Amino acid sequence: MNLFELAAQNLLSPMVLFFALGLAAALARSDLTVPEAVAKTLALYLMLAIGFKGGAEVAAGGVTLQMIGVMGVGIVLSFLIPVIGFALLRAFSRLSTVDAAAVAAHYGSISIVTFIAATEIVRGQGLPFEGYIVAVAAVMETPAILSALLLARSGQKAKPGREGLGPLLHEVGLNGSVVMLVGSFLIGWATGAKGLATIAPFIVDPFRGVLCLFLLDMGLVAGRGMREGARHLSPPVLGFGIVMPLISAALATLAIWPLGLSPGGAALFITLAASASYIAVPAAMRLALPEARPAIYLTLSLGVTFPFNLSLGIPLYLALAGLAAG
Amino acid sequence: MQTHLKKRVEIVVEYPALKRLLDRLDRAQVTGYTVIPALAGRGHDGAWSSEGLAGDAGRMVMVICITDPARLDPVLDEVYAVVARQIGIVAVSDVQVIRSEHF
Numbered sequence: 274m275n276l277f278e279l280a281a282q283n284l285l286s287p288m289v290l291f292f293a294l295g296l297a298a299a300l301a302r303s304d305l306t307v308p309e310a311v312a313k314t315l316a317l318y319l320m321l322a323i324g325f326k327g328g329a330e331v332a333a334g335g336v337t338l339q340m341i342g343v344m345g346v347g348i349v350l351s352f353l354i355p356v357i358g359f360a361l362l363r364a365f366s367r368l369s370t371v372d373a374a375a376v377a378a379h380y381g382s383i384s385i386v387t388f389i390a391a392t393e394i395v396r397g398q399g400l401p402f403e404g405y406i407v408a409v410a411a412v413m414e415t416p417a418i419l420s421a422l423l424l425a426r427s428g429q430k431a432k433p434g435r436e437g438l439g440p441l442l443h444e445v446g447l448n449g450s451v452v453m454l455v456g457s458f459l460i461g462w463a464t465g466a467k468g469l470a471t472i473a474p475f476i477v478d479p480f481r482g483v484l485c486l487f488l489l490d491m492g493l494v495a496g497r498g499m500r501e502g503a504r505h506l507s508p509p510v511l512g513f514g515i516v517m518p519l520i521s522a523a524l525a526t527l528a529i530w531p532l533g534l535s536p537g538g539a540a541l542f543i544t545l546a547a548s549a550s551y552i553a554v555p556a557a558m559r560l561a562l563p564e565a566r567p568a569i570y571l572t573l574s575l576g577v578t579f580p581f582n583l584s585l586g587i588p589l590y591l592a593l594a595g596l597a598a599g
Numbered sequence: 002m003q004t005h006l007k008k009r010v011e012i013v014v015e016y017p018a019l020k021r022l023l024d025r026l027d028r029a030q031v032t033g034y035t036v037i038p039a040l041a042g043r044g045h046d047g048a049w050s051s052e053g054l055a056g057d058a059g060r061m062v063m064v065i066c067i068t069d070p071a072r073l074d075p076v077l078d079e080v081y082a083v084v085a086r087q088i089g090i091v092a093v094s095d096v097q098v099i100r101s102e103h104f
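Chains as they are written, first to last, in the numbering used here: chain H, 274 to 599; chain G, 2 to 104.
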């Protein structure tokens, strides 16, 4: 299947169409809403399911040198991507140092929902992938935050009232989504295929339906964000929301070339690198860089990059994976 | 019935900063506080709503704390240490309470 057929198939998938429905409803100012508690529950469910399934697959395959290598590459990319993003934003936009660092942090970290959507697309193509990629997602969540903090604070004197890195790392490391993902992964690893079979009716069969409902909510939130936040995005910043994922994807493709990942695994790794966080990093930025404007980084990550990745990016990354895969 | 003058401190703050704020209130030895979720609103950066948010950024909460006027300044110092750099509002008002010893 060529890239255009893949993109067309993806655009007509229930996941993308539910996201589009939410987006359109929010832009048309419909009163369609998903209650906050339901949205949180859906997110927890998705992380439980994806973490558990990944852990169960690692239990079957064991820890390999390839797994350690891919995790290492993931950590390096998560540190490096914010540096590139920060340099681009400072060169081509008028964002302040703090705003540029906060935006860059989002692009170095990962979006677990983009990753989950990509796993469904990869599965839909009948491509197997390495289960440990879930663990790679977990380790790529935090380094970008540190990287961005160093960028934002470089050349600045310590400000009163600013907390040290320790409390921040504690709060980010124990962020609910990270705990859920890593915890489910470990439980899946410990209990293996038998454990998975026990709860499969809960975490396998309803998964796609729940994902559609969650993406409907993501569409609503993205649409509301675009409605309220679009005026904060200048054309260079808007362009960054599309170009940066492509740069990250190209870097990831080159970085994993020697590691011999399967096409499905490579597609997921590239998607991780190209995705932008909108759950863990925004909360961390509100604590670490509160001067940065959330209207910029949340709107860009959720209103521009997420829809791009969900509709066109993932098929493109799947095509790139064909080049990088062993 | 006899009532007693106290100070009511209302703090509307971003959810990610809540834990730090409550730690500071504990440090100021306030006798109690109440946290209330905020549903939606409008501020300098436009309208916001907690509906559908899967993450904590963008969510707001209100913390209500009643304290004795003599202890107001230390409480406000602790509160200010957190909210000075965050999105939020701090308001202080006079209230009457029935059980003075509770505050």
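Glycine included, every Cβ here is placed at the ideal spot set by N, Cα and C. Everything numeric in this text was worked out from a predicted model, so none of it was measured.
Starting from the C-beta of H/Ala374, find all residues in its chain whose C-beta is less than 8 Å away, skip the five residues before and the five after it, and write them out in chain order. Within the first sequence, residue 374 of chain H is the residue found at index 101, counting from 1. Excluding residues within five positions, the ones whose Cβ falls inside 8 Å are Pro355, Phe359, Ala421, Leu422, Leu424, Ala425, Leu562 and Ala565.
Start and end residues, alpha helix (DSSP H) containing H/Gly496: By 1-based counting over the first sequence, the position of residue 496 of chain H is 223. Counting along the chain, the unbroken alpha helix (DSSP H) around H/Gly496 starts and ends at Phe480 to Gly502.
In chain G, which residues lie with their C-beta within 8 Å of the C-beta of H/Glu564? Locating residue 564 of chain H in the first sequence gives position 291, where the first residue counts as 1. Think of a sphere of 8 Å around the beta carbon of H/Glu564: the chain G residues whose beta carbon falls inside it are Arg86, in chain order.
Could you list which residues in chain G have their beta carbon closer than 7 Å to that of H/Arg302, in chain order? One-based indexing of the first sequence puts residue 302 of chain H at position 29. Proximity of chain G to H/Arg302 at the Cβ level (cut-off 7 Å) is not reached, the minimal Cβ distance being about 11 Å.
In the DSSP output, what is G/Ser50 paired with across the bridge? For the purposes of this step, residue 50 of chain G is identified with residue 49 of the second sequence, where counting begins at 1. Bridge partners of G/Ser50: G/Ala41.
Inter-stretch contact at 8 Å, needing at least 3 Cβ pairs: the region 455-464 of chain H / the region 274-288 of chain H: The region 455-464 of chain H is not in contact with the region 274-288 of chain H.
Pair every Cβ in the region 511-529 of chain H with every Cβ in the region 542-549 of chain H, then say whether three or more of these pairs are closer than 8 Å. The region 511-529 of chain H is in contact with the region 542-549 of chain H.
Whose Cβ in chain G lies nearer than 9 Å to the Cβ of H/Arg559? Position 286 of the first sequence, counting from 1, holds the residue named residue 559 of chain H. Within 9 Å of the CB of H/Arg559, the CB atoms of chain G belong to Glu15, Tyr16, Pro17, Ala18, Asp57, Ala58, Gly59, Gln87 and Ile88, in sequence order along the chain.
Less than 8 Å between the CB atoms is what I'm expecting for H/Phe388 and H/Ser548, so what's the real figure, rounded? Taking the first sequence and counting its residues from 1, one reaches residue 388 of chain H at position 115. Taking the first sequence and counting its residues from 1, one reaches residue 548 of chain H at position 275. Between H/Ser548 and H/Phe388 the Cβ distance is about 7 Å, and since that is below 8 Å, they are a contact.
Is DSSP giving H/Arg396 helix, strand or coil here? If you number the first sequence from 1, residue 396 of chain H lands on position 123. The answer is helix: DSSP assigns H/Arg396 an H, G or I state.
Whole-angstrom distance between H/Thr306 and H/Val371, CA atom to CA atom: One-based indexing of the first sequence puts residue 371 of chain H at position 98. One-based indexing of the first sequence puts residue 306 of chain H at position 33. CA-CA distance, H/Val371 to H/Thr306, rounds to 33 Å.
According to DSSP, is H/Ile552 part of a helix, a strand, or is it coil? As a position in the first sequence, residue 552 of chain H is number 279, starting the count at 1. Correct three-state label for H/Ile552: coil.
Please list the terminal residues of the continuous alpha helix (DSSP H) segment that includes H/Thr526. Along the first sequence, one-based indexing puts residue 526 of chain H at 253. From DSSP, the alpha helix (DSSP H) with H/Thr526 extends over Pro508 to Ile529.
Give the interface partners of G/Ala92 over in chain H, defined as CB-CB distance under 7 Å, in chain order. Sequence index remark: in the second sequence, residue 92 of chain G carries index 91 (1-based). Neighbours of G/Ala92 on chain H: none; closest Cβ ~20 Å, over 7 Å.
Please compile the residues from chain G whose C-beta is within a distance smaller than 8 Å of the C-beta of H/Glu403. To locate residue 403 of chain H, count along the first sequence from 1; it is residue 130. Under the 8 Å cutoff, chain G gives no residues; its nearest Cβ is about 26 Å from H/Glu403.
Got a sec, what are the start and stop residues for the beta strand (DSSP E) G/Leu6 sits in? Counting from 1 along the second sequence, the entry for residue 6 of chain G is found at position 5. Boundaries of the beta strand (DSSP E) harbouring G/Leu6: His5 to Glu15, taken from the DSSP string.
My guess is that H/Met288 and H/Ala390 are in contact by the Cβ rule of under 8 Å, so how many angstroms apart are they, rounded? Residue 288 of chain H sits at position 15 when you count from the first residue of the first sequence. Residue 390 of chain H sits at position 117 when you count from the first residue of the first sequence. Yes, H/Met288 and H/Ala390 are in contact; Cβ-Cβ is about 6 Å, under 8 Å.
Identify every residue that forms a DSSP beta bridge with G/Thr68. In the second sequence, counting from the first residue as 1, residue 68 of chain G sits at position 67. According to DSSP, G/Thr68 shares a beta bridge with G/Lys8.
Have a look at H/Gly514 and H/Val577 and give me their C-alpha separation to the nearest angstrom. The sequence position of residue 514 of chain H within the first sequence is 241, counting from 1. The sequence position of residue 577 of chain H within the first sequence is 304, counting from 1. Each residue's alpha carbon lies about 6 Å from the other.
CB-CB length for G/Ile37 against G/Val62, believed under 8 Å: The residue labelled residue 37 of chain G in the question sits at position 36 within the second sequence. The residue labelled residue 62 of chain G in the question sits at position 61 within the second sequence. G/Ile37 to G/Val62, Cβ: 7 Å. Contact.
Considering only the alpha carbon of each residue, which of G/Ala29, G/Val91, G/Gly56 and G/Arg9 lies closest to H/Val451? Translated into the one-based positions of the first sequence, residue 451 of chain H becomes position 178. Looking at the Cα atoms, G/Gly56 is the closest of the given residues.
Can you find a C-beta in chain G that's less than 8 Å from the C-beta of H/Glu309? Locating residue 309 of chain H in the first sequence gives position 36, where the first residue counts as 1. At a cut-off of 8 Å between beta carbons, H/Glu309 contacts chain G.
Bridge partner(s) assigned by DSSP for G/Met61: Counting from 1 along the second sequence, the entry for residue 61 of chain G is found at position 60. G/Met61 is bridged to G/Glu15.
In chain G, what lies closer than 8 Å to H/Arg426 by C-beta? As a first step, residue 426 of chain H is located in the first sequence; it is residue number 153 there, counting from the start. The premise fails here: H/Arg426 is roughly 14 Å from chain G at the closest Cβ pair, so nothing lies under 8 Å.
Buried versus exposed call for H/Arg504 [16 or more other C-beta atoms within 10 Å across all chains shown]: For the purposes of this step, residue 504 of chain H is identified with residue 231 of the first sequence, where counting begins at 1. Burial call: exposed.
Between H/Pro580 and chain G, is there a C-beta pair that is closer than 8 Å? Position 307 of the first sequence holds residue 580 of chain H. It does not; no Cβ of chain G falls within 8 Å.
Give the straight-line distance between the Cα atoms of H/Leu488 and H/Phe292, rounded to the nearest whole angstrom. Position 215 of the first sequence holds residue 488 of chain H. Position 19 of the first sequence holds residue 292 of chain H. Here the C-alpha atom of H/Leu488 lies approximately 5 Å from the C-alpha atom of H/Phe292.
Between the Cα of H/Glu501 and the Cα atoms of H/Ala301, H/Leu290 and H/Glu309, which residue gives the shortest distance? As a first step, residue 501 of chain H is located in the first sequence; it is residue number 228 there, counting from the start. Ranking H/Ala301, H/Leu290 and H/Glu309 by Cα distance to H/Glu501 puts H/Ala301 first.
State yes or no: is the C-beta of H/Ser382 within less than 8 Å of the C-beta of H/Glu330? One-based indexing of the first sequence puts residue 382 of chain H at position 109. One-based indexing of the first sequence puts residue 330 of chain H at position 57. No; because the gap between Cβ atoms is not below 8 Å, this pair is not in contact.
Assuming G/Val91 is part of the beta strand (DSSP E), what are its boundary residues? For the purposes of this step, residue 91 of chain G is taken as residue 90 along the second sequence, with counting starting at 1. Residues Gly89 to Val98.
Count Cβ pairs between the region 79-92 of chain G and the region 6-19 of chain G that sit closer than 8 Å; are there 3 or more? The count of Cβ pairs closer than 8 Å, one atom from the region 79-92 of chain G and one from the region 6-19 of chain G, reaches three, so the stretches are in contact.
Spell out whether any CB of chain G is found under 8 Å from the CB atom of H/Pro508. Your numbering for residue 508 of chain H matches position 235 in the first sequence. It does not: the Cβ of H/Pro508 has no partner Cβ on chain G nearer than 8 Å.
Give the straight-line distance between the Cα atoms of H/Ile394 and H/Ile323, rounded to the nearest whole angstrom. Locating residue 394 of chain H in the first sequence gives position 121, counting from the first residue. Locating residue 323 of chain H in the first sequence gives position 50, counting from the first residue. If I take the Cα positions, the gap works out to 14 Å.
Output, in chain order, the set of chain G residues within a Cβ distance shorter than 7 Å of H/Ala391. Stepping through the first sequence from its first residue, residue 391 of chain H is reached at position 118. Ordered by position in chain G, no residue passes the 7 Å Cβ test against H/Ala391, which lies about 18 Å from the chain.
CA nearest to the CA of H/Ser507, picked from H/Ile569, H/Val386 and H/Phe475: If you number the first sequence from 1, residue 507 of chain H lands on position 234. Taking only the C-alpha atoms, the option nearest H/Ser507 is H/Ile569.
Should G/Glu79 be flagged as near chain H, meaning a C-beta pair shorter than 8 Å? Working through the second sequence from its first residue, we reach residue 79 of chain G at position 78. For G/Glu79, the answer is no, since every Cβ of chain H falls outside 8 Å of its Cβ.
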